[in-house]
Amino acid sequence: MKRLAAHQTMLIWIVFCVVCGGLAAWTGQRYLRQQSTLLEQKNRQPMVERVVAAHFLPAGTILNEMHLAARAFPEQAVPSNSVPTTQYQQLLGASLRAEVAAGDMVLPLHVSYDQETAFSTRLGTGRRAVTMPVDQINSLAGLLRAGDLVDLYVSFDYQRKKITAPLLQGVLVLATDEQTSEQQNMSTGHYATVTFDLTPEDGAKLVAARQSGSITAMLRNPYDRQLSNKGVRGDLATLLGVNQVNTEYKTVPVIYGNKNSRQVRGLDAVPVVPRSALLDIATPDQLSYQHEVPHATVD
């Protein structure tokens, strides 16, 4: 009996050890799975792009687009004063206070704006600034401000008809007189010139259009990305549909002996449908301010 009891006790201990070992193994595997899940979640955290140095930049460098690049960082790891890639223009023309290594963020504390920089440094690569006097453009009664987007329409005479059509859409206003976006609190709402940010091709279009037609600016919502290809033709009566009351028909000439011929409506005559005042204009597939040269990306 004592031997049987000893064997039973030994069996119980063996079973207990096996259960404890299995439990330990299950617990260890569960812990490893949890750690793996945490690591995966950490690696899946949102990423944001920030402006970094495209290459080593020594102190005193006057920044332009060739010095800057974009790089993705975990959202929680970026400083609050880091510069998003959509706001890289605020760094252009600034002087570096200290050297910045390639791939490191270029922060506002790294740059100095003490010295007055040229306005041309604010232009992107492949962009041009075109200034127009307000007497050649409807400037929305002084409502325009630097940073606004406008659509420019041109009106001109063509084949004895007045045509009004979209010329450029989504044009960025750089300045009114000498007031830029950083100086808008000093603006009085009265100005003599408006400066636009354009490509060379669009700038040439604007210069040519203002020489032979009249330009009108229409203020655009900054979040509106739609393009319009509709223009109008004809005089005001055609535009309003006033001259469509008298319907015209196709006629045929009838000769009566030696008398002058008369125009008589034919048997198969059908009304001549008046032309619509609206017409389609070929337009670009992008707004003017979206035509930018992409920046380099640092891996």
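Last residue of the sequence shown? That's 324 in the working numbering, and every number before it is there in order.
Glycine included, every Cβ here is placed at the ideal spot set by N, Cα and C.
Starting from residue i and walking both ways along the beta strand (DSSP E), at which residues does that stretch end?
i    : result
Q194 : K186 to T201
E226 : It is not in any beta strand (DSSP E) - E226 instead sits in the alpha helix (DSSP H) that spans P225 to S237.
G256 : K255 to R258
D160 : No beta strand (DSSP E) holds D160; DSSP gives it neither H nor E.
L312 : Looking at the DSSP string, L312 is not in any beta strand (DSSP E), and its letter there is neither H nor E.
F144 : That residue, F144, is in no beta strand (DSSP E); it is neither H nor E in DSSP.
M91  : From DSSP, M91 is part of no beta strand (DSSP E); its letter is neither H nor E.
A119 : Element bounds for A119: n/a, residue is neither H nor E.
R75  : M72 to A78
In this structure, how does DSSP classify residue i when only helix, strand and coil are distinguished?
i    : result
L134 : helix
A154 : strand
V108 : coil
E124 : coil
I306 : coil
V103 : coil
R245 : strand
T34  : helix
A49  : helix
R250 : coil
Y183 : strand
Y113 : helix
Y56  : helix
F81  : coil
L177 : strand
Buried or exposed, going by whether 16 or more other CB atoms sit within 10 Å of the CB of residue i?
i    : result
S313 : buried
A171 : buried
L88  : buried
Y113 : buried
V43  : exposed
L193 : buried
R96  : buried
G46  : exposed
R185 : exposed
H215 : exposed
G256 : buried
A123 : exposed
R55  : exposed
Q59  : exposed
In angstroms, rounded to a whole number, what distance separates the CA positions of residue i and residue j?
i    : j    : result
P309 : P71  : 34 Å
Q101 : T86  : 29 Å
L169 : G228 : 19 Å
V73  : P247 : 23 Å
K187 : Q251 : 25 Å
F41  : T62  : 31 Å
F98  : M91  : 21 Å
L134 : A84  : 13 Å
G151 : A94  : 17 Å
D182 : Q236 : 13 Å
A190 : S239 : 11 Å
V108 : V125 : 15 Å
L64  : L231 : 56 Å
Closest Cβ-Cβ distance between residue i and chain D: below 7 Å?
i   : result
C42 : Going by chain labels, chain D is absent from the structure shown, which holds only one protein chain.
Does the stretch 219 to 237 touch the stretch 193 to 200, meaning 3 or more C-beta pairs lie closer than 8 Å? By the criterion of at least three beta-carbon pairs nearer than 8 Å, the stretch 193 to 200 is in contact with the stretch 219 to 237.
Tell me, please, whether the stretch 176 to 191 touches the stretch 239 to 255 by the rule of three or more beta-carbon pairs shorter than 8 Å. Look at the beta carbons and you see the stretch 176 to 191 touching the stretch 239 to 255: at least three pairs across the two are nearer than 8 Å.
Tell me, please, whether the stretch 111 to 120 touches the stretch 151 to 161 by the rule of three or more beta-carbon pairs shorter than 8 Å. Touching, no.
Say whether the stretch 69 to 81 touches the stretch 126 to 141, bearing in mind that this needs 3 or more beta-carbon pairs closer than 8 Å, one atom from each stretch. The stretch 69 to 81 makes contact with the stretch 126 to 141, as at least three CB pairs between them are under 8 Å.
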